[in-house]
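> Got a structure here, written out as structure tokens. Questions coming.
Protein chains in written order, with the working numbering: chain A, 55 to 401; chain B, 276 to 823.
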């Protein structure tokens, strides 16, 4: 008891001693420590009176949080996540209109209705393999290769319900079927076959990377910046751009409705799309800039290489934003763990 | 306590508890109902929902059985027998409680998962080409539950045994009862409040458990993971219906289990002293017991050791080897090198401390008013309501309770007792307080029930005032129960994950959120280092709590 009292006193004293006169700017983002720390430091150097505070969470979680904080918004900026999720956010009145000066340099798919969000980066999905166990020439070349009997029980998949990247890939598959047959059944049939190949649905990206490196599975699907950062840090992961095209997510940014520090929020959004910050993110954190007006030779070699070899899949993002939730629900109930010839796990 | 003040105070406490515990849930139900009956129809017609509900139920019951099977024999062993190393082992055995749920699950993954130490070792020894098992599904969830929840039985049963009156057992033996008869007809009935309380805690904890089903469930869904999946998919009204269904199951389970606790006036008159510990005399048996005890302790400690080991692994250096090839203190240096990273630790400490104190105060108030075997008539009328309110938060999954609080306190309407607390640093400790009420409440109420009113009456007749009796008689008698309840509550708040993820703000983000963020950015080593720190702090607190 006495110990608890002492701890309380100590804690109250220490917490009372920390003061900061700068204006806080709160950012909710799934972009991770590397990019966020980078932008935090640079932005604070430009605006010494601002204290950038970011909270890192999944893109679907950001949406969830903003929705529950609607009455007393805590965040100023929503930074990162597929434009499809931002579209739902805009629909739910979670975003404030703001048009940065660089808005004109963004492609039409990356602009939200009513200037509520704009794409900051383009994030492609790639097929990933364990470099220590799979030779580059043996790796799957395209989505359909993942259904090859060779990979049966060797595919790991990031739990698609919580992940913006995986939702985009699932959406692309279903839309592809929809285009060819006029029905969603073809896409779900494909996903059912993938489910039969899948050994496990993994909780989050890092666990997925770890499991691939430790060869619990040999191939997976994940987003390019994460893989490149991991490669830089020594994880032996290889990646392939699917031949038939890959969905490229418009990773957006917007000002939160009811932001307490509106001026600073605007300034941050303005900064993220500036040429300097776009190139910084590209060079140091493997982000593909969404701005179309950057000269190709200002990009680092890896980004130029990506632009050269990557084929962008044609995805109707509006359809995905509208029907995505319904499709994911159907997948979760009728496809997950029910693929043909699937080895049943469990008790 | 003034006899006239009793009923008023009891009524006030009932209202306060109802506002804290019940009101937010009613708000959620009302909000969900406002969303339309469509969600209810969808819930009722989908077989997946019923499957998840059934899975929640049987997993919880199995968890109670497993936790009791491990915890109760251990409590007897450590309370009744004397052998070398008993004291040290006795505290070590409570250590599963110091593993924060999410980190504990990750530790299990590294240990027993298919590329964990144990699986790899077995694979290497037997020369297998594939991992010997997969840690998935109901079996894996039950393993984690049994491991983390037997502590409730162990600690509460030990507290109960410590209050046991040896003279009752001696009387039974003198009357010719054999060992088995004494156990089944005297000792166990006397322990009923403690065992019933522990069973209730485990059932509710298992029903609301999230981390283990989330990580190991795979296609096997329980209600908590089903709710999160629904919520993540943006179907909030359906998620609320699912929550209501789960709460209903919990309330029914609660009502059934509470009957097993009993209210026999003969229970634990608590005079005299607990039976003296019997030393094991035969050296062979003693050596065996000691060795078995240590072996068991090591088994229980393996997840902690795994965590410590992973915290020493530099980023990305450990792939397919059985043991990590490089070890360094780099992760700890990163952690202590950046003051921003230490901030969550401070936040967690103050929030856990404040919420535990508040929960204790409320529990003591409840105990003083309605905890005695023969409460005053008028105050006694509130007994059922207060007990139910105190236990209710266990029945509700953390995330949803958090959402309920967020929904309730995101509206400014003082007339309906609602203020905007969302986004302030107050809301999260408030949630911890509510979530801690059951653990402090059950412990303190069970403690009060074992109090002999004659002692307090004697003190009062000798001229002690209400405060004097409380401070010098009641409180010291309640100390084991208070310490057990407070330490468990503190540790639960310190490691809380599901509530925090909804209610934290930048200014009070707790350590579990920082661990989650570290995991998200692949810093498994840093996450493990945070886990180790959390574990050590929790261990110290529980060590203090278990000492008598």
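Beta carbons are placed, not taken as given, at the ideal position from N, Cα and C, and that holds for glycine.
No experiment lies behind these values; they were computed from the predicted model shown.
Is the number of C-beta pairs between the stretch 352 to 367 of chain B and the stretch 548 to 559 of chain B that are closer than 8 Å three or more?
Yes, they touch.
> Run through DSSP, which three-state label would residue 504 of chain B get?
Translated into the one-based positions of the second chain, residue 504 of chain B becomes position 229. In this structure, residue 504 of chain B counts as helix in the three-state DSSP scheme.
> Give the single residue among A/235, A/369, A/97 and A/309 whose Cα lies nearest to the Cα of residue 134 of chain A.
Walking along the first chain from the start, residue 134 of chain A turns up at place 80. Here the closest residue by C-alpha is A/309.
> Check whether chain A comes within 7 Å of residue 542 of chain B, counting only Cβ atoms and requiring the distance to be less than that.
Taking the first residue of the second chain as position 1, residue 542 of chain B is located at position 267. Reliability of the predicted coordinates at residue 542 of chain B is poor, the pLDDT of 49 falling under 50, and the value obtained from them is presented with this limitation in mind. Chain A, which has no Cβ nearer than 7 Å to the Cβ of residue 542 of chain B, makes this no.
> Between which two residues does the alpha helix (DSSP H) harbouring residue 751 of chain B extend?
Taking the second chain and counting its residues from 1, the one referred to as residue 751 of chain B is at position 476. Where residue 751 of chain B is concerned, the enclosing alpha helix (DSSP H) stretches over 750 to 770.
> Who are the neighbours of residue 675 of chain B on chain A, taking C-beta pairs under 9 Å?
As a working mapping, residue 675 of chain B is identified with position 400 in the second chain. Simply none; closest approach about 11 Å.
> Is there a Cβ from chain B that is less than 7 Å from the Cβ of residue 260 of chain A?
Taking the first chain and counting its residues from 1, the one referred to as residue 260 of chain A is at position 206. Judged by the 7 Å Cβ criterion, residue 260 of chain A is in contact with chain B.
> Taking a Cβ distance cut-off of 9 Å, strictly less, list which residues of the stretch 382 to 400 of chain B are near chain A, in chain order.
Answer in chain order: 384, 388, 389 and 390.
> Roughly how far, in whole angstroms, is the beta-carbon of residue 160 of chain A from the beta-carbon of residue 344 of chain A, given that I think they are within contact range, below 8 Å?
Stepping through the first chain from its first residue, residue 160 of chain A is reached at position 106. Stepping through the first chain from its first residue, residue 344 of chain A is reached at position 290. With a Cβ gap of about 6 Å, residue 160 of chain A and residue 344 of chain A count as contacting.
> Under the three-state reduction of DSSP, which class applies to residue 133 of chain A: helix, strand or coil?
In the first chain, counting from the first residue as 1, residue 133 of chain A sits at position 79. Here residue 133 of chain A sits in strand by DSSP.
> DSSP beta-bridge partners for residue 292 of chain A?
Within the first chain, the letter at position 238 stands for residue 292 of chain A. Answer is A/183.
> Please determine, among A/295, A/183 and A/178, the residue with the shortest C-alpha to C-alpha distance to residue 196 of chain A.
Numbered from its first residue, the first chain carries residue 196 of chain A at position 142. Comparing Cα positions, the closest option is A/295.
> Determine the burial state of residue 420 of chain B: buried for a count of at least 16 other Cβ atoms within 10 Å of its Cβ, exposed for fewer.
Numbered from 1 along the second chain, position 145 holds the residue referred to as residue 420 of chain B. By the 10 Å Cβ count, residue 420 of chain B comes out buried.
> Among the residues of its own chain, which have a CB less than 6 Å from the CB of residue 498 of chain B, if the five just before and after it don't count?
Residue 498 of chain B sits at position 223 when you count from the first residue of the second chain. Correct list, in chain order: 327, 328, 331 and 521.
> Is it a yes or a no for the stretch 154 to 168 of chain A touching the stretch 100 to 110 of chain A, going by three-plus beta-carbon pairs under 8 Å?
As far as the Cβ criterion goes, the stretch 154 to 168 of chain A does not touch the stretch 100 to 110 of chain A, which means the pair count is below three.
> List the endpoints of the continuous alpha helix (DSSP H) containing residue 233 of chain A.
For the purposes of this step, residue 233 of chain A is taken as residue 179 along the first chain, with counting starting at 1. Unbroken alpha helix (DSSP H) run through residue 233 of chain A: 218 to 235.
> Have a look at residue 786 of chain B and residue 805 of chain B and give me their C-alpha separation to the nearest angstrom.
By 1-based counting over the second chain, the position of residue 786 of chain B is 511. By 1-based counting over the second chain, the position of residue 805 of chain B is 530. Rounded to the nearest angstrom, the two C-alpha atoms are 7 Å apart.
> Using the C-alpha atoms, what's the distance from residue 397 of chain B back to residue 638 of chain B?
Locating residue 638 of chain B in the second chain gives position 363, where the first residue counts as 1. Locating residue 397 of chain B in the second chain gives position 122, where the first residue counts as 1. In a straight line, the C-alpha of residue 638 of chain B is about 48 Å away from that of residue 397 of chain B.
> Per the contact definition of three or more C-beta pairs closer than 8 Å, is the stretch 666 to 682 of chain B in contact with the stretch 728 to 740 of chain B?
Contact fails: fewer than three Cβ-Cβ distances are below 8 Å.
> Taking the Cβ atom as the reference point for each residue, do residue 338 of chain B and residue 477 of chain B lie within a distance shorter than 7 Å?
Reading the second chain from its first residue, position 63 is the one you call residue 338 of chain B. Reading the second chain from its first residue, position 202 is the one you call residue 477 of chain B. Yes, these two residues count as a Cβ contact at 7 Å.
> To be precise: take each residue of the stretch 340 to 361 of chain A, compare its Cβ to all Cβ atoms of chain B, and keep it if any distance is under 9 Å. Which residues remain?
Taking 9 Å as the Cβ-Cβ cut-off against chain B, none of the residues of the stretch 340 to 361 of chain A qualify.
> So, does the CB of residue 382 of chain A fall closer than 7 Å to a CB anywhere in chain B?
On the first chain, residue 382 of chain A is found 328 positions in, with the first residue counted as 1. Output row for residue 382 of chain A: interface = yes.
> Identify the continuous alpha helix (DSSP H) that holds residue 422 of chain A and give its terminal residues.
The structure shown does not extend to residue 422 of chain A, since chain A spans only 55 to 401, so no value can be given for it.
> May I ask you to verify whether the stretch 203 to 219 of chain A touches the stretch 245 to 265 of chain A, counting CB pairs closer than 8 Å and requiring at least 3?
The answer is yes - the stretch 245 to 265 of chain A touches the stretch 203 to 219 of chain A, with three or more Cβ pairs under 8 Å.
> Which term fits residue 600 of chain B, buried or exposed, when burial requires 16 or more other beta carbons within 10 angstroms of its beta carbon?
Stepping through the second chain from its first residue, residue 600 of chain B is reached at position 325. That one is exposed.
> Which of the three DSSP states, helix, strand or coil, is assigned to residue 740 of chain B?
Here residue 740 of chain B corresponds to residue number 465 of the second chain, with the count starting at 1. Coil at residue 740 of chain B, not helix or strand.
> How would you call residue 461 of chain B, buried or exposed, if buried means at least 16 neighbouring beta carbons within 10 angstroms?
Counting from one through the second chain, the residue named residue 461 of chain B turns up at place 186. The residue is buried, with at least 16 neighbouring Cβ atoms inside 10 Å.
> Would residue 75 of chain A pass as an interface residue toward chain B - the criterion being a Cβ-Cβ separation below 7 Å?
For the purposes of this step, residue 75 of chain A is taken as the residue at position 21 of the first chain. Not closer than 7 Å to any Cβ of chain B, the Cβ of residue 75 of chain A fails to qualify, so no.
> Residue 787 of chain B by DSSP, collapsed to three states: which one?
For the purposes of this step, residue 787 of chain B is identified with residue 512 of the second chain, where counting begins at 1. Note: residue 787 of chain B maps to helix in three-state DSSP.
> Residue 455 of chain B: buried (16+ other C-beta within 10 angstroms of its C-beta) or exposed?
Numbered from 1 along the second chain, position 180 holds the residue referred to as residue 455 of chain B. Exposed is the call here.
> With a 10 Å radius around its C-beta and 16 neighbouring C-beta atoms as the bar for buried, classify residue 608 of chain B as buried or exposed.
Looking up residue 608 of chain B in the second chain gives position 333. Per the 10 Å Cβ criterion, exposed.
> Answer with buried or exposed for residue 388 of chain A, where buried requires no fewer than 16 other C-beta atoms within 10 angstroms of its C-beta.
Taking the first residue of the first chain as position 1, residue 388 of chain A is located at position 334. Result: exposed.
> Using DSSP with H/G/I as helix, E/B as strand and the rest coil, what is residue 590 of chain B?
Numbered from 1 along the second chain, position 315 holds the residue referred to as residue 590 of chain B. Reduced to three states, the DSSP call for residue 590 of chain B is coil.
> Which same chain residues, not among the five before or five after residue 333 of chain A, have their C-beta less than 8 Å away from its C-beta?
Taking the first chain and counting its residues from 1, one reaches residue 333 of chain A at position 279. These residues qualify, in order along the chain: 343, 348, 352 and 353.
> Would you kindly check if the distance between the Cβ of residue 311 of chain A and the Cβ of residue 90 of chain A is under 7 Å?
Indexing the first chain from 1 puts residue 90 of chain A at position 36. Indexing the first chain from 1 puts residue 311 of chain A at position 257. No, they are not a contact pair.
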